[in-house]
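First residue of the sequence shown: 1, per UniProt numbering; consecutive thereafter.
Just so you know, even glycine gets a beta-carbon here, dropped at the ideal spot from N, CA and C.
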Amino acid sequence: MKDSIYYDEGELEYINSRIYQLSLCKKKYGATIEDILSYKDKIEKKYEELINSTVIVEKLQKERQEIVLKMRTMATNIHNIRCAISEELESLVKKELDYVGLDKSTFKINVTETDHLMHNGSDKVYFTISTNPGQPLEPLEEIVSGGELSRIMLALKTVFVDKDEIPSVIFDEIDTGISGRIAQRVAEKMFLISKKHQVFCVTHLPQIATMADSNYLIEKLWTESTTYTKVKKLKMEEVEYEIARMIGGSEVTKLTIENAKEMINLAAEVKGKIKE
1 MKDSIYYDEG ELEYINSRIY QLSLCKKKYG ATIEDILSYK DKIEKKYEEL INSTVIVEKL
61 QKERQEIVLK MRTMATNIHN IRCAISEELE SLVKKELDYV GLDKSTFKIN VTETDHLMHN
121 GSDKVYFTIS TNPGQPLEPL EEIVSGGELS RIMLALKTVF VDKDEIPSVI FDEIDTGISG
181 RIAQRVAEKM FLISKKHQVF CVTHLPQIAT MADSNYLIEK LWTESTTYTK VKKLKMEEVE
241 YEIARMIGGS EVTKLTIENA KEMINLAAEV KGKIKE
């Protein structure tokens with residue numbers, strides 16, 4: 001009949017169930033049917049990847065082995081270059097050590113290839129030195145003498161003056177055990193480094209102090225309750241006085257003042273002759 005209505009309770013229940021299931025899917029997987037189907041495709045792709053995971057793992061392992069092999073080859077090349085350069089560097093550093101009074105020293109660079117790959121190769125590099133004949137080579141960090149270590153660092157800084165990116169360098173006790181011409185050489189090397197870097201030096205030698213661009217007096221002072229350190233930038237006449245005190249000890253005379261002025265003038269001449 002034209003006005004009759006078809007009704008099937010089972011089919012209606014099925015449709016309602018489908019609508020409910022779709023609403024649940026929308027809440028969980030996407031706001032639209034297209035979003036749900038897109039999510040389905042993504043899950044199926046991941047499922048396929050899991051099914052084929054053994055093949056993928058084998059492929060990745062093969063790629064890894066190829067990369068490691070290339071890295072090993074590059075690391076070996078870097079090692080060979082380091083070994084060749086280390087011999088040249090040893091000679092340059094030894095020349096500088098001789099110049100600053102460590103002429104009895106032996107300087108060696110130990111380049112050891114390891115199994116550990118890093119961004120800069122697979123080597124462990126140690127700078128070793130023996131400061132006296134008959135003594136074993138030791139890593140630089142095991143050098144006890146502050147004066148020796150400062151002069152070793154001075155030699156290294158001189159060699160690397162154009163490559164080192166560290167802006168400031170501090171030398172403490174660098175004048176320990178030296179005097180005369182060696183002290184003058186140390187002062188000249190520090191001045192050379194100061195053309196590329198800021199250099200601070202604590203010294204008791206007039207040969208070194210006169211080569212400075214600026215001089216500061218460091219004093220330890222006491223009160224009834226505390227001890228403190230005073231640092232004062234010196235004017236030229238004060239520099240002359242302190243240099244004279246270094247020359248003559250506690251007693252400053254007209255003669256030591258004249259000697260101080262002469263040393264300052266000679267240092268200025270030497271500084272003018274030192275080229276970068």
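Residue environment, residue i, which counts as buried when at least 16 other CB atoms sit within 10 Å
i    : result
M211 : buried
E240 : buried
V57  : exposed
R64  : exposed
M236 : exposed
T256 : buried
N132 : exposed
K233 : exposed
A155 : buried
P206 : buried
M190 : buried
A268 : exposed
K157 : buried
A75  : buried
I43  : exposed
I243 : buried
Residue j beta carbon less than 9 Å from that of residue i
i    : j    : result
Y126 : T112 : yes
V202 : I218 : yes
S105 : T114 : no
I33  : L24  : no
R72  : L37  : no
R151 : L97  : yes
L92  : E148 : no
K108 : L137 : yes
V169 : H197 : yes
Whole-angstrom distance between residue j and residue i, CA atom to CA atom
i           : j    : result
K275        : I193 : 11 Å
E258        : A183 : 20 Å
F171        : I208 : 11 Å
R18         : L12  : 10 Å
T54         : Y29  : 29 Å
K45         : K27  : 22 Å
L266        : K273 : 11 Å
M246        : V252 : 9 Å
E9          : K59  : 56 Å
L221        : V231 : 11 Å
N110        : E224 : 53 Å
E238        : E188 : 22 Å
D175        : G146 : 10 Å
E173        : I143 : 14 Å
N120        : I85  : 15 Å
I81         : I166 : 24 Å
N52         : Y39  : 20 Å
Y20         : L50  : 31 Å
K271        : G249 : 26 Å
E141        : T226 : 34 Å
G134        : D213 : 40 Å
Y14         : D35  : 23 Å
D41         : A31  : 16 Å
K95         : M153 : 13 Å
E90         : N77  : 20 Å
E88         : Y47  : 59 Å
K195        : E66  : 47 Å
K62         : N16  : 53 Å
residue 313 : Y216 : Any question about residue 313 goes unanswered here, given that the chain covers just 1 to 276.
Paired residues, beta bridge with residue i - DSSP
i    : result
P136 : Paired residues: none, contrary to the question.
I218 : V231
I109 : F127
V169 : V199
G121 : M118
The ligand GDP heavy atom lying under 8 Å from the CB of residue i
i   : result
R72 : Here there are no bound small molecules, and the ligand GDP is not part of this structure.
Three or more C-beta pairs closer than 8 Å, one from the segment 179–188 and one from the segment 251–262: is that the case here? By the C-beta criterion, the segment 179–188 is judged not to be in contact with the segment 251–262, since fewer than 3 inter-stretch pairs fall below 8 Å.
Counting beta carbon pairs with one atom in the segment 126–136 and one in the segment 161–171, are three or more of them shorter than 8 Å? By the Cβ test, the segment 161–171 is not in contact with the segment 126–136, since fewer than three Cβ pairs between them sit closer than 8 Å.
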